[in-house]
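Chains A and B are the protein sequences, given in the same order.
Residue numbering for the first sequence follows the numbering used here, starting at 1 and increasing by one per position.
Residue numbering for the second sequence follows the numbering used here, starting at 205 and increasing by one per position.
Even glycine gets a Cβ: it sits at the ideal position worked out from N, Cα and C.
Notes follow the structure.
2 protein chains.
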Amino acid sequence: MPRDGSATRTTIMNAAEALIFERGFAGAPIDAIIGRAEITKGTFFHHFASKQDLARSLIDRWALADAQQLENKMTRAERLARDPLQQLLLFVGFFVEQAEELVEPEPGCLFGAYCYQAGLFDERTMQVVEDAMRLWRDRLRAKLDEVYAARPPRLETDLDSLADGITVLFEGSFIVSRMLNEPDLVAGQLRHYRNYLELLFDTE
Amino acid sequence: MPRDGSATRTTIMNAAEALIFERGFAGAPIDAIIGRAEITKGTFFHHFASKQDLARSLIDRWALADAQQLENKMTRAERLARDPLQQLLLFVGFFVEQAEELVEPEPGCLFGAYCYQAGLFDERTMQVVEDAMRLWRDRLRAKLDEVYAARPPRLETDLDSLADGITVLFEGSFIVSRMLNEPDLVAGQLRHYRNYLELLFDTE
Numbered sequence: 001m002p003r004d005g006s007a008t009r010t011t012i013m014n015a016a017e018a019l020i021f022e023r024g025f026a027g028a029p030i031d032a033i034i035g036r037a038e039i040t041k042g043t044f045f046h047h048f049a050s051k052q053d054l055a056r057s058l059i060d061r062w063a064l065a066d067a068q069q070l071e072n073k074m075t076r077a078e079r080l081a082r083d084p085l086q087q088l089l090l091f092v093g094f095f096v097e098q099a100e101e102l103v104e105p106e107p108g109c110l111f112g113a114y115c116y117q118a119g120l121f122d123e124r125t126m127q128v129v130e131d132a133m134r135l136w137r138d139r140l141r142a143k144l145d146e147v148y149a150a151r152p153p154r155l156e157t158d159l160d161s162l163a164d165g166i167t168v169l170f171e172g173s174f175i176v177s178r179m180l181n182e183p184d185l186v187a188g189q190l191r192h193y194r195n196y197l198e199l200l201f202d203t204e
Numbered sequence: 205m206p207r208d209g210s211a212t213r214t215t216i217m218n219a220a221e222a223l224i225f226e227r228g229f230a231g232a233p234i235d236a237i238i239g240r241a242e243i244t245k246g247t248f249f250h251h252f253a254s255k256q257d258l259a260r261s262l263i264d265r266w267a268l269a270d271a272q273q274l275e276n277k278m279t280r281a282e283r284l285a286r287d288p289l290q291q292l293l294l295f296v297g298f299f300v301e302q303a304e305e306l307v308e309p310e311p312g313c314l315f316g317a318y319c320y321q322a323g324l325f326d327e328r329t330m331q332v333v334e335d336a337m338r339l340w341r342d343r344l345r346a347k348l349d350e351v352y353a354a355r356p357p358r359l360e361t362d363l364d365s366l367a368d369g370i371t372v373l374f375e376g377s378f379i380v381s382r383m384l385n386e387p388d389l390v391a392g393q394l395r396h397y398r399n400y401l402e403l404l405f406d407t408e
């Protein structure tokens, strides 16, 4: 365990995140967070200046992991295949593999949780959510442009909207999967997204 | 205005719903609700026994409107076309028409908002959300069975999962549309869902 207190910081953040997914941000007061993290109030304020500071740290951590997932899976797909469509199908396939391993529904996406309580957060915090969604749009859109240049789709298609489809899918399927208590729902939706890309572009 | 107090009840519910979409349920205390509704605390408790009672009334109202939308649009599609696939494409098309009229993003879906604060609500309240999602699955699945019987899909497809796709789409696109402040995002996603159905089943 590192001695610089980063383990304690992570414990606090994990406790807060779990509480936010259960009860929302306003429903997770500092007392509840320190209770779950099994720390004192002094320790909390040693790591975070305020609950807003904690909220920002949580969304920064989530957005960083999210961007790394996007980049790692896309880079891996680009190494494994030459054709842009195959790269895109692999990219989605890696998420399918990951989703197939879920034995319990994901508690959700912090972007969705923050969206439904946007009035509690400052502008900078909500900007992180917007930037993350635009990052996915831009990265997927660039790949879709390559796909499109090689083979026109069977039906007229808006490429930004098609790129957004995977963000929409994750946000929506986390909610439905949790409400129906069906962990395999996310993988099922991803397979449809992959099928759609195949049907649209794989016209050979 | 009706004299039985139902207008006041509706005013309270609308104020509470708007606050929940902004700040979450725990972030919307009764004082804030009566402030926005411009009523007294006495009036509030004349209409609702507790905040939990209000939460239940809100989700019941939302689920009822949701079920009516499903049924009205499906019945209309069934009257306007004979072929099951055409009925399904019309059904989605009616939602596209409706979404195209949005000039501001929808604040969200109450099912999604409640999901992200599920720990604040009693079981009966959360059951309403689950039942609503199952209703869409069952109604769409029955229609997809008719489509499937008439024409096998181009790719192997799980029909329950395909039926869930529209619920996933609404939940996800309300979030992304709000975060990116793009009201036309919902219609764009619905068009992709319609395209997918067409590409899967319209093999003539």
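Taking 8 angstroms as the CB-CB cut-off, is residue i touching chain B?
| i | result |
| --- | --- |
| residue 50 of chain A | no |
| residue 175 of chain A | yes |
| residue 178 of chain A | yes |
| residue 94 of chain A | no |
| residue 1 of chain A | At residue 1 of chain A, the pLDDT of 49 sits below 50, so the modelled position is not reliable and the matter cannot be decided from this model. |
| residue 162 of chain A | yes |
| residue 101 of chain A | no |
| residue 171 of chain A | yes |
For residue i, tell me which candidate among the options has the shortest Cα-Cα distance.
| i | options | result |
| --- | --- | --- |
| residue 262 of chain B | B/354, B/330, B/307 and B/274 | B/330 |
| residue 163 of chain A | A/98, A/64, A/172 and A/88 | A/88 |
| residue 400 of chain B | A/153, A/83 and A/180 | A/153 |
| residue 252 of chain B | B/209, B/273, B/349 and B/318 | B/209 |
| residue 317 of chain B | A/100, A/179, A/56 and A/187 | A/179 |
| residue 50 of chain A | A/158, A/66 and A/33 | A/33 |
| residue 115 of chain A | A/21, A/201 and A/74 | A/21 |
| residue 46 of chain A | A/85, A/185, A/84 and A/12 | A/12 |
| residue 184 of chain A | A/7, A/19, A/101 and A/200 | A/101 |
| residue 42 of chain A | A/84, A/19, A/8 and A/157 | A/8 |
| residue 223 of chain B | B/273, B/244 and B/312 | B/312 |
| residue 393 of chain B | B/341, B/218 and B/378 | B/378 |
Excluding the 5 residues preceding and the 5 following residue i in the sequence, name in chain order all residues of the same chain whose CB lies nearer than 7 angstroms to its CB.
| i | result |
| --- | --- |
| residue 397 of chain B | 296, 369, 370 and 373 |
| residue 90 of chain A | 77, 80 and 81 |
| residue 326 of chain B | 256 |
Is any beta-carbon of chain A found at less than 8 angstroms from that of residue i?
| i | result |
| --- | --- |
| residue 404 of chain B | yes |
| residue 372 of chain B | yes |
| residue 145 of chain B | With chain B represented from 205 up to 408, any question about residue 145 of chain B goes unanswered, as that position is not in the structure. |
| residue 337 of chain B | yes |
| residue 310 of chain B | no |
| residue 363 of chain B | no |
| residue 322 of chain B | yes |
| residue 333 of chain B | yes |
Report all residues from its chain with a CB closer than 6 angstroms to the CB of residue i; omit the five preceding and five following residues, and keep chain order.
| i | result |
| --- | --- |
| residue 62 of chain A | 110 |
| residue 229 of chain B | 321 and 324 |
| residue 298 of chain B | 277 |
May I ask you to check if the CB of residue i is nearer than 7 angstroms to at least one heavy atom of the ligand FMN?
| i | result |
| --- | --- |
| residue 290 of chain B | This structure lacks the ligand FMN, and indeed carries no ligand of any kind. |
For residue i, which residues in the same chain have their Cβ closer than 8 angstroms to its Cβ, ignoring the five residues on either side in sequence?
| i | result |
| --- | --- |
| residue 395 of chain B | 300 |
| residue 159 of chain A | 141, 144, 145 and 148 |
If you measure beta-carbon to beta-carbon, which residues of the stretch 389-401 of chain B are closer than 7 angstroms to chain A?
Of all residues in the stretch 389-401 of chain B, 389, 392, 393, 396, 399 and 400 have a Cβ within less than 7 angstroms of some Cβ in chain A.
Name the residues in the stretch 2-25 of chain A whose C-beta lies less than 9 angstroms from a C-beta of chain B; which are they?
So the list reads 19, 20, 21, 22, 23, 24 and 25, given in the order they occur along the chain.
Proximal residues, the stretch 273-302 of chain B versus chain A, C-beta separation under 9 angstroms
If you check each beta-carbon in the stretch 273-302 of chain B against every beta-carbon of chain A, none falls closer than 9 angstroms.
Got a sec: which bits of the stretch 230-245 of chain B sit with their beta carbon under 7 angstroms from any beta carbon on chain A, in order along the chain?
Of all residues in the stretch 230-245 of chain B, those with a C-beta nearer than 7 angstroms to a C-beta of chain A are 230 and 231, reading in chain order.
Anything in the stretch 143-159 of chain A with a Cβ closer than 8 angstroms to a Cβ of chain B? List those residues in chain order, please.
Within the stretch 143-159 of chain A, the residues whose Cβ lies closer than 8 angstroms to some Cβ of chain B are 154, 155, 157 and 158, listed in chain order.
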